[in-house]
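In the working numbering, the protein residues as written are 363 to 536.
Note that the Cβ used here is the ideal one computed from N, Cα and C, for glycine as well.
Remarks on the structure that follows.
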Ligand code: GDP
Ligand code: MG
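This is the structure we're talking about:
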């Protein structure tokens, strides 16, 4: 296997969309119901992506930072997971402004990112159609995943890892 580059990934999105649950799901393949929503953590993880070892540093933001903190996190990161909750339209509407800020901070480059619609297991409470997510991702020229951090929801959990892997690929392509 080839060298082991470090990729810095930051996870953004309104408080409560499931950022911590997604990160922990990705790292441990488990779902843990409750996290301190004010907590910000970084994790290290290694994975073989397309036969290459990639070391990641993952920043799970709290989602309630002020502007200077947000900008600091954006400067730090190489790639970004923008998360909304499919049962919370407001969280979806916060994605475009986040992307706008990202573009400002990273100018003149375009920051590699992926869009994740989380809580896909809560279909009955859905407020954001899959097509809306797809359209937003097309506007932002990024990959889109609807997934669920919820372990019991068979069939969607795999999307979580794929979103992170795709983001790593996108970062490495630059
Ligand atoms: P964060 O503030 O974005 O980090 O959100 P958390 O990870 O703390 O999750 C907020 C709440 O949503 C918690 O009660 C989680 O158990 C719940 N949650 C997170 N992801 C999912 C999911 O995919 N499905 C469901 N049903 N609940 C989720
Ligand atoms: Mg959290």
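**Asked** Rounded to a whole number of angstroms, what is the C-alpha to C-alpha distance between residue 530 and residue 487?
**Response** 31 Å
**Prompt:** Along the chain, where does the beta strand (DSSP E) that runs through residue 435 open and close?
**Reply:** That residue, residue 435, is in no beta strand (DSSP E); its alpha helix (DSSP H) goes 429-438.
**Prompt:** How about residue 442 and residue 473: are their beta carbons less than 8 Å apart?
**Reply:** yes
**Asked** Any chance the CB of residue 378 is under 7 Å from a heavy atom of the ligand GDP?
**Response** yes
**Message:** Taking only three categories from DSSP, how would you classify residue 410?
**Reply:** strand
**Item:** Which of helix, strand or coil DSSP assigns to residue 462
**Value:** helix
**Prompt:** What separation, rounded to the nearest whole angstrom, lies between the Cα atoms of residue 475 and residue 509?
**Reply:** 16 Å
**Asked** Between which two residues does the beta strand (DSSP E) harbouring residue 372 extend?
**Response** 368-374
**Request:** State the DSSP-derived secondary structure class of residue 467, mapped to helix, strand or coil.
**Result:** Looking at residue 467 - three-state DSSP - the assignment turns out to be helix.
**Prompt:** When the Cα of residue 527 is compared with those of 400, 413 and 464, which residue comes out closest?
**Reply:** 413
**Asked** For residue 379, which option in 497, 403, 467 and 449 has the closest C-alpha, if you only look at C-alpha atoms?
**Response** 449
**Asked** Do you know offhand how far residue 495's Cα is from residue 461's?
**Response** In a straight line, the C-alpha of residue 495 is about 14 Å away from that of residue 461.
**Message:** Given this structure, state the Cα-to-Cα distance separating residue 467 from residue 437, to the nearest angstrom.
**Reply:** 7 Å
**residue 519 - DSSP class collapsed to helix/strand/coil** = Any answer about residue 519 is weak, because its pLDDT of 43 lies below 50 and its placement is not dependable; what the coordinates show is given next. Here residue 519 sits in coil by DSSP.
**Message:** If I measure Cβ to Cβ from residue 521 and keep anything under 6 Å in the same chain, skipping five residues before and after, which residues do I get?
**Reply:** Within the same chain, Cβ atoms closer than 6 Å to the Cβ of residue 521 are found at 507 and 509, the five residues on either side in sequence being excluded.
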